[in-house]
Ligand SMILES: Cc1ncc(COP(=O)(O)O)c(C=O)c1O
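In our numbering, the protein residues as written are 5 to 351.
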């Protein structure tokens with residue numbers, strides 16, 4: 005069903021935003037003559053170099069079309085089908101990928117209940133009692149989302165602890181970084197501080213939610229994991245023939261701090277939205293606002309009234325918790341207009 009979005013900018017998803025003008029320009033500039041397809045081109049070489057500058061000199065970087073593909077293929081590179089992947093119950097890989105991680109990796113997901121979207125080491129320990137026992141799946145990856153699906157963020161220390169815990173047990177730490185830029189900005193750290201320096205092994209690096217048209221990257225911080233990945237990516241249908249158009253976008257995003265400026269803006273708008281909503285009677289914020297998501301309980305009867313004008317997602321039907329997302333192009337006027345409607349409706 006096509007949903008008509010009435011205001012030009014809503015708060016349903018950072019995926020609903022358009023493309024940042026600088027990224028659009030980069031796409032247009034890359035539309036110049038012929039270059040070799042499938043990534044053997046100067047745009048891709050430069051974009052990979054930018055990734056290495058921001059993340060790690062020896063990172064192995066592969067561009068793919070989308071975030072689900074980045075997660076599935078990255079996880080596949082680190083696992084065999086008798087393995088298990090530990091994640092939060094709220095994780096995109098658990099609830100929003102139509103079982104793709106299970107289908108393509110063959111692994112069982114072991115989801116952990118997590119009201120704030122984060123998983124803790126004490127919750128992982130009980131899942132490791134059967135290591136070495138052939139009747140049980142063997143946990144191999146801890147997968148976390150940064151920022152999480154609940155708009156919260158792992159600190160560098162928390163990531164380091166998870167990585168050490170994983171490595172001490174011959175396991176890997178995977179990060180679904182669809183919103184890694186929002187997390188880095190929230191923590192006021194460089195991208196490498198919450199990836200390479202924290203001990204992350206496999207990273208899905210998001211582009212679409214931070215101003216790109218499409219395109220994500222799978223980054224390996226261990227060369228061995230990347231060794232056969234070019235085959236995995238092709239077999240997994242994520243080898244873009246005209247790769248230069250993803251590469252050019254990443255080059256733009258990682259230049260002139262565009263990634264940081266976009267995420268800073270989105271995060272700041274989330275703070276404004278959260279502050280305004282917290283002042284509306286009957287609305288209760290449910291999560292810390294650490295990135296660009298605002299979660300709130302809105303009494304059920306008001307939800308369809310608001311949705312008539314602003315499409316947004318109900319995150320938890322049981323408690324009528326909804327999600328609002330801000331993006332690089334959200335304005336204070338957009339927020340004022342929306343909050344005005346909320347104030348008039350919810351009373
Ligand atoms: C946490 C998270 N990971 C990954 C994705 C990537 O999804 P897609 O396959 O739609 O690009 C999303 C998109 O909503 C997400 O929120």
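Here a beta-carbon is modelled for each residue, glycine too, at the ideal position from N, C-alpha and C.
Counting along the chain, where does the alpha helix (DSSP H) carrying residue i start and finish?
i	result
residue 311	307-311
residue 132	Note, residue 132: premise wrong, no alpha helix (DSSP H); not H, not E.
residue 47	46-58
residue 170	160-172
residue 79	71-81
residue 99	96-99
Go ahead and pull the three-state DSSP assignment for residue i.
i	result
residue 343	helix
residue 178	strand
residue 183	coil
residue 123	coil
residue 271	helix
residue 26	helix
residue 251	helix
residue 108	helix
residue 61	coil
residue 16	coil
residue 207	strand
residue 289	strand
residue 327	strand
residue 334	coil
residue 31	helix
residue 280	helix
residue 189	helix
residue 260	coil
residue 212	helix
Between which two residues does the beta strand (DSSP E) harbouring residue i extend?
i	result
residue 112	112-116
residue 65	64-68
residue 232	Counting along the chain, residue 232 falls outside any beta strand (DSSP E), and DSSP gives it neither H nor E.
residue 89	87-92
residue 300	297-301
residue 195	From DSSP, residue 195 is part of no beta strand (DSSP E); its letter is neither H nor E.
residue 142	142-149
residue 320	317-320
residue 224	220-224
Which value, in whole angstroms, describes the spacing of the CA atoms of residue i and residue j?
i	j	result
residue 301	residue 184	26 Å
residue 270	residue 255	20 Å
residue 203	residue 347	45 Å
residue 95	residue 159	17 Å
residue 289	residue 120	12 Å
residue 141	residue 112	7 Å
residue 161	residue 167	10 Å
residue 122	residue 317	21 Å
residue 108	residue 77	8 Å
residue 175	residue 308	45 Å
residue 310	residue 47	44 Å
residue 49	residue 171	31 Å
residue 351	residue 344	12 Å
residue 25	residue 326	30 Å
residue 169	residue 313	47 Å
residue 274	residue 27	23 Å
Between residue i and residue j, which are expected to be in contact by the criterion C-beta below 8 Å, what is the C-beta distance as a whole number of angstroms?
i	j	result
residue 210	residue 253	Not quite, the Cβ-Cβ distance comes to about 12 Å (not below 8 Å), so this is no contact.
residue 13	residue 338	5 Å
residue 45	residue 247	7 Å
residue 296	residue 18	6 Å
residue 294	residue 208	Not really, about 19 Å apart at Cβ, beyond 8 Å.
residue 145	residue 82	5 Å
residue 60	residue 213	About 22 Å; that fails the 8 Å criterion.
residue 198	residue 229	Not confirmed; about 19 Å, so no contact.
Nearest CA to the CA of residue i: which residue from the options?
i	options	result
residue 218	13, 316 and 20	20
residue 32	296, 286 and 251	251
residue 139	155, 154, 88 and 162	88
residue 278	266, 267, 118 and 291	291
residue 57	241, 223 and 173	223
residue 281	299, 248 and 295	299
residue 103	73, 181 and 126	73
residue 333	153, 182 and 216	216
residue 54	345, 259 and 101	259
residue 243	182, 42, 29 and 35	42
residue 284	152, 349 and 308	349
residue 324	313, 303 and 311	303
residue 164	313, 154 and 179	179
residue 115	171, 135, 93 and 66	93
residue 177	187, 194 and 150	150
residue 266	188, 36, 101 and 68	188
residue 40	249, 263 and 327	249
residue 245	66, 24, 16 and 15	66
residue 157	227, 171 and 124	124
residue 105	340, 263, 286 and 240	240
Can you determine whether any heavy atom of ligand 2 sits closer than 8 Å to the C-beta of residue i, and answer yes or no?
i	result
residue 149	As far as ligands go, the structure on display features ligand 1 and does not contain ligand 2.
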